[in-house]
Every structure is written in structure tokens, then in C-alpha cells.
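Enquirer: Heads up, the sequence shown is in this note's numbering, so the first residue is 42 and it goes up one at a time.
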Amino acid sequence: RGETVVVIDASIRETRGDELGLSDFLARDEQALSKLIAPDSVPGVFHIARGRREVVPDLLASARMSTLLDELSAHFDLVIIDGPACESNSDADVLARFSDGVLLVVKADRSRGRDVRQAAQRLETAGAPVISLVLNHTAPEFVKG
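Structure follows, in C-alpha cells:
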């Protein structure tokens with residue numbers, strides 16, 4: 042049996058989507074978790090959209106968020122929270138509290154080393170160790186392998 046994965050789009054401050062999702066669940070507009078989980082094109086991978094509703098970011102730290110993650114952990118082998126940029130607000134710090142570890146994604150052409158170190162320290166202080174770092178938007182001439 043292959044592993045099952047669910048990816049949650051937790052960037053709830055960004056433009057609202059047109060699918061039911063995390064913000065709808067947190068705001069209690071949608072009670073049924075099963076209505077939020079959509080299959081991906083890759084077998085065994087599912088996703089939860091950010092949602093249609095504008096919500097107070099404090100809901101990310103709510104008991105409802107904790108319940109959601111507990112339920113997902115019981116049904117999926119891996120739960121991935123795709124959070125917002127660390128420098129834009131404190132949502133990433135809040136989400137880190139629910140995480141076993143963080144994969145920090147860094148834009149090669151935009152991120153300074155000092156800012157990356159500070160973000161990693163903030164996330165670790167919030168309770169989630171930075172497991173690894175992904176450097177994206179890298180120029181092809183700098184990529185080996």
C-alpha cells in the first residue's frame with residue numbers, strides 16, 4: 042500500500058478561492074470534513090483548498106484547527122500544511138505549533154541569508170524544527186545534477 046498525503050492550503054489571507062476549504066471549515070460554514078478533501082491528479086494525494094470565506098487569522102490557532110489536523114492525521118499517512126510566507130505575518134508561527142517539522146521554501150532571487158536564518162529561528166521557537174530548506178526560483182546555470 043502506498044502512502045496517502047493531504048496538502049492543506051493554509052494561506053487564508055491571500056485571495057479567496059472558489060472551492061470550499063480550510064477557511065470555511067474554521068469559520069464553521071462547513072461542518073463535514075469529507076466535503077473539503079479533494080483528490081489530486083497523483084494517486085494517493087489529496088488537497089484542501091484555502092476556502093471561499095474570509096476569516097480572522099486567529100482561527101488558525103483555534104481548537105477547530107487542532108481537531109481538523111487530528112482527524113486528518115488519523116486518515117492520512119502525511120499531512121502537509123502549505124503556509125504563508127514567514128515575513129508577511131505571524132500565521133506561519135501559529136501553524137508551526139501544529140507541525141512536527143518545517144520544510145522552509147526560500148526564493149533564490151529574493152531571500153537574504155539573514156532573513157532565512159531569522160525565519161528558521163522563529164519557527165523553531167514556535168515549536169517546529171526546520172527539517173530542510175528548499176531553494177526555488179534558482180537560475181538553471183546554478184543547478185547541478
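We put the beta carbon where it would ideally sit given N, CA and C, even for glycine.
Out of curiosity, what's the CA-to-CA distance linking His-178 and Leu-101?
Expert: Mapped onto the sequence shown, residue 178 falls at position 137. Mapped onto the sequence shown, residue 101 falls at position 60. Roughly 28 angstroms separates the two Cα atoms.
Enquirer: Should Val-135 go down as buried or exposed, given a rule of 16 or more other Cβ atoms within 10 Å for buried?
Expert: Sequence index remark: in the sequence shown, residue 135 carries index 94 (1-based). Val-135 is buried by the Cβ-count criterion.
Enquirer: Can you tell me whether DSSP reads Val-157 as helix, strand or coil?
Expert: For this step, residue 157 is matched to residue 116 along the sequence shown. Looking at Val-157 - three-state DSSP - the assignment turns out to be helix.
Enquirer: Could you tell me whether the Cβ atoms of Asp-99 and His-88 are closer together than 8 angstroms?
Expert: Numbered from its first residue, the sequence shown carries residue 99 at position 58. Numbered from its first residue, the sequence shown carries residue 88 at position 47. No.
Enquirer: Measuring CB to CB, does Val-96 end up less than 8 angstroms from Ile-49?
Expert: Position 55 of the sequence shown holds residue 96. Position 8 of the sequence shown holds residue 49. No; because the gap between Cβ atoms is not below 8 angstroms, this pair is not in contact.
Enquirer: Return the first residue and the last residue of the beta strand (DSSP E) that Phe-87 is part of.
Expert: On the sequence shown, position 46 is the one that residue 87 refers to. That run of the beta strand (DSSP E) goes 86-89.
Enquirer: Do you know offhand how far Ala-68's Cα is from Arg-94's?
Expert: Here residue 68 refers to the residue found at position 27 of the sequence shown. Here residue 94 refers to the residue found at position 53 of the sequence shown. Whole-angstrom Cα-Cα distance: 8 angstroms.
Enquirer: So who's on the other strand from Asp-123, going by DSSP bridges?
Expert: As a working note, residue 123 is residue 82 in the sequence shown. Answer by DSSP bridge pairing, in chain order: Asp-50.
Enquirer: According to DSSP, simplified to helix, strand and coil, what is Leu-174?
Expert: Along the sequence shown, one-based indexing puts residue 174 at 133. Here Leu-174 sits in strand by DSSP.
Enquirer: Does DSSP put Val-97 in a helix, in a strand, or in coil?
Expert: Taking the first residue of the sequence shown as position 1, residue 97 is located at position 56. DSSP places Val-97 in coil when its eight states are reduced to three.
Enquirer: CB Gly-92 to CB Leu-63, shorter than 8 angstroms?
Expert: As a first step, residue 92 is located in the sequence shown; it is residue number 51 there, counting from the start. As a first step, residue 63 is located in the sequence shown; it is residue number 22 there, counting from the start. Result yes, Cβ atoms of Gly-92 and Leu-63 sit closer than 8 angstroms.
Enquirer: What separation, rounded to the nearest whole angstrom, lies between the Cα atoms of Ala-160 and Cys-127?
Expert: By 1-based counting over the sequence shown, the position of residue 160 is 119. By 1-based counting over the sequence shown, the position of residue 127 is 86. For Ala-160 and Cys-127, the distance between alpha carbons rounds to 6 angstroms.
Enquirer: In the DSSP assignment, the alpha helix (DSSP H) including Val-135 goes from what residue to what residue?
Expert: Translated into positions along the sequence shown, residue 135 becomes position 94. First-last of the alpha helix (DSSP H) with Val-135: 132-137.
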